[in-house]
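One structure is given here, and the rest of the page talks about it.
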Amino acid sequence: MKYLVWSIIPIAIYVLYYFAMKKSLTSHVANLAKEQFIIRPPRMYIAVSAITSLAFTVFFVYCIVMHEILVAILCFGIFCLPMFGVLWYSIVWKIEVDKSQGSLLFRNMFLQTYRIPFDQLLSYEERTHHYVIYTASKKIEVDLYAPNVLLLLAIIQKQNTPKKEKKKR
């Protein structure tokens, strides 16, 4: 019975990724003709990080009430802060693509916004779980499961931006 619980975790993760990819493809088809679209991290990141942040925060408060200050500090530093970081990233990070102006507006998790024209895109690289877009001044990492990421890749390829090949070891 105890092994059944451990086998549910990978199945639940697979189901989350399945729905994220399905939503990504659906939004790709819906936004093909649009002049402007937005790329954000998958909503699944908000859900998972919010739930785990809430659970760790409850545990943090429980440790403070039970006078286990060292455990509470460790819980906050090791678990709560990274989950709040993922939650903040999921809410704030975005790329707004405007085909008519020929540029993209990139906002990172530190609330800095950059306007990058398509002609400043130097190259792109496909990695295991994300794409890396190299520009003249920035390196932008876009999640593989983000909605509309395939539209951005189509625009990048249309601009004849070269694809970096993986280094062979």
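For the sequence shown, our numbering assigns the number 1 to the initial residue and increments by one for each residue that follows.
Backbone N, C-alpha and C define an ideal beta-carbon position, used for all residues, glycine too.
Using the Cβ count rule (16 or more neighbours within 10 Å means buried), how would you classify residue i?
| i | result |
| --- | --- |
| A136 | exposed |
| T161 | buried |
| A55 | exposed |
May I have the straight-line CA-CA distance separating residue i from residue j, to the nearest angstrom?
| i | j | result |
| --- | --- | --- |
| T117 | T52 | It is Pro, not Thr, that sits at residue 117 in the sequence shown. Those two C-alpha atoms are separated by around 38 Å. |
| L105 | I91 | 16 Å |
| S100 | Q120 | 16 Å |
| S103 | P10 | 39 Å |
| T128 | M66 | 43 Å |
| R43 | G85 | 15 Å |
| L16 | E68 | 35 Å |
| I58 | C75 | Going by the sequence as given, residue 58 is Val instead of Ile. Their backbone Cα atoms lie some 10 Å apart in a straight line. |
| D143 | Y131 | 6 Å |
| F60 | I73 | 8 Å |
| F110 | I95 | 14 Å |
Write down the C-beta distance between residue i and residue j rounded to the nearest angstrom, noting that I regard them as a contact closer than 8 Å.
| i | j | result |
| --- | --- | --- |
| W93 | N108 | 6 Å |
| K163 | S123 | 7 Å |
| Y114 | K138 | 6 Å |
Might you give, ordered along the chain, the residues of its own chain that have their beta carbon closer than 7 Å to the beta carbon of residue i, omitting 5 neighbours on each side?
| i | result |
| --- | --- |
| V71 | C63 |
| I8 | none |
Below 6 Å CB to CB, which residues in the same chain sit around residue i once its five sequence neighbours on both sides are set aside?
| i | result |
| --- | --- |
| D98 | Q36 |
| E141 | H130 and V132 |
Is residue i near the ligand HEM, with its Cβ less than 7 Å from a heavy atom?
| i | result |
| --- | --- |
| V149 | Among the components modelled here there is no ligand, and therefore nothing to report on the ligand HEM. |
Spatial neighbours of residue i within its chain, please: CB distance less than 8 Å, with the 5 preceding and 5 following residues excluded, ordered by chain position.
| i | result |
| --- | --- |
| C80 | S53, F56, T57 and F60 |
### Message
Taking contact to mean 3 or more Cβ pairs, one atom from each stretch, closer than 8 Å, check whether the region 39-52 and the region 137-156 are in contact.
### Response
yes
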